[in-house]
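Trainee: Counting in our numbering, the sequence shown runs from 74 upward without gaps.
The C-beta atom is built at its ideal place from N, Cα and C for all residues, glycine as well.
Since we're looking at a predicted model, the values are computed, not measured.
Let me give you the structure first, and then I'll get to my questions.
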Amino acid sequence: MQHNYHKWIVTICCLWICSIVCFGQSAWARQPRRLTAYPAGRTAIVVCPGGSYSWLDKKTEGHEVARWLQSQGISAYVLCYRVQGGFAFGSGYRHLIRGHQYPDPQRDLQQTIEWLRQNADSLGIDPHRIGAMGFSAGGHLVTSAGALFDAAVRPDFVVAVYPVVTFRQAPYVHRRSRRALLGEWRRWSQQWRDSLSLEIHVPDDMPPTLVVNCQDDPIVHYHNSELLDSALTARHIDHKYLQYRTGGHGFGVDSLKAGPEAIAWKQELLNWLQHEQF
């Protein structure tokens, strides 16, 4: 009798674990992603922090950016999209269990843009002036939204700051981001690498795009942004490319981290939004 009781407990536990592994992803996907709102004006920007698709720099590339946008009369929404996570990064357990990987972050941003458009009136924003701004891996995320999303859920403009762009051109690939987004198995597939190398997927109707980076970036090779700029130029996409000699990586809107040269991107962004009538 005692043996059967233990067997029953083990069976229930196994079923519970399987339900989390097998169905947790779809259940999670049905829930709206967590947003932190900084309401201000009619133009809205979804802010996607960087972190190699492995973690999120919520402070420097999230909330500090959103507070600055708010101070400029722009509504901001910091998106905590799904990422690989530190434990998965260190342990490699995703060899056995899926965890968070593509297309989870893209779906999170897609659902956010859709939700903002559906609720634009109550939020006090213009449904046709919703942009996406991302840093580093977040830059890859927002650029993929402009390049790969259907028109109904595509952002109206894209701001990619020191973005990850290519997963295929070996000297310039940010391998940690590629591994985190594609997973332990798909990262070895040339087909999957090509599918998310954004320099070869810029569509003719790509939204207006602002690209920012620095030549001395020690994390994401500056040629990523050059590849994106070339692709946008070839497609005659309305865009602006700001490349600075110094500033490094991970500075967000922090003038001390960016230095006197790269921090100029903030005013350039405001000028660009005004020029584009956003």
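1) Roughly how many whole angstroms lie between the Cα atoms of Thr116 and His294?
2) Touch check for the segment 152-172 and the segment 110-129: three-plus C-beta pairs under 8 Å?
3) By the three-class DSSP mapping on this structure, what secondary structure does Ile147 have?
4) Considering Asn286, what are the terminal residues of the alpha helix (DSSP H) in which it resides?
5) With a cut-off of 8 Å, do at least 3 Cβ pairs link the segment 262-272 to the segment 311-323?
6) Within the same chain, show all residues whose beta-carbon is closer than 7 Å to that of Asp311, passing over the 5 residues directly before and after it, in chain order.
7) Looking only at C-alpha atoms, which of His136, Val120 and Ser303 sits nearest to Arg178?
8) Return the residue from the list Ala224, Ser209, His168 and Val226 that minimises the CA-CA distance to Thr239.
9) For Ser270, count the other beta carbons within 10 Å of its own beta carbon; 16 or more makes it buried, fewer makes it exposed. Which is it?
10) Per DSSP, which residues does Ala113 bridge with? Please list them.
11) For Arg318, count neighbouring Cβ atoms within 10 angstroms of its own Cβ and tell me buried if that reaches 16, exposed if not.
12) Classify Arg103: buried if its beta carbon has 16 or more other beta carbons within 10 angstroms, exposed otherwise.
13) Starting from Lys339, follow the beta strand (DSSP E) in both directions and report where the run begins and ends.
Mentor: According to the structure data:
1) 31 Å
2) The segment 152-172 vs the segment 110-129: in contact.
3) coil
4) No alpha helix (DSSP H) contains Asn286, which is instead part of the beta strand (DSSP E) from Thr282 to Cys287.
5) These segments do not touch.
6) Pro281
7) Going by the sequence as given, residue 178 is Pro instead of Arg. Nearest C-alpha to Pro178: Val120.
8) Ser209
9) buried
10) According to the DSSP secondary-structure assignment, Ala113 is paired through a beta bridge with no residue.
11) exposed
12) With a pLDDT of 43 at Arg103, under the threshold of 50, the modelled position of this residue cannot be trusted; read the value that follows with caution. The residue is exposed, with fewer than 16 neighbouring Cβ atoms inside 10 Å.
13) Here Lys339 belongs to no beta strand (DSSP E); instead the alpha helix (DSSP H) covers Trp338 to His348.
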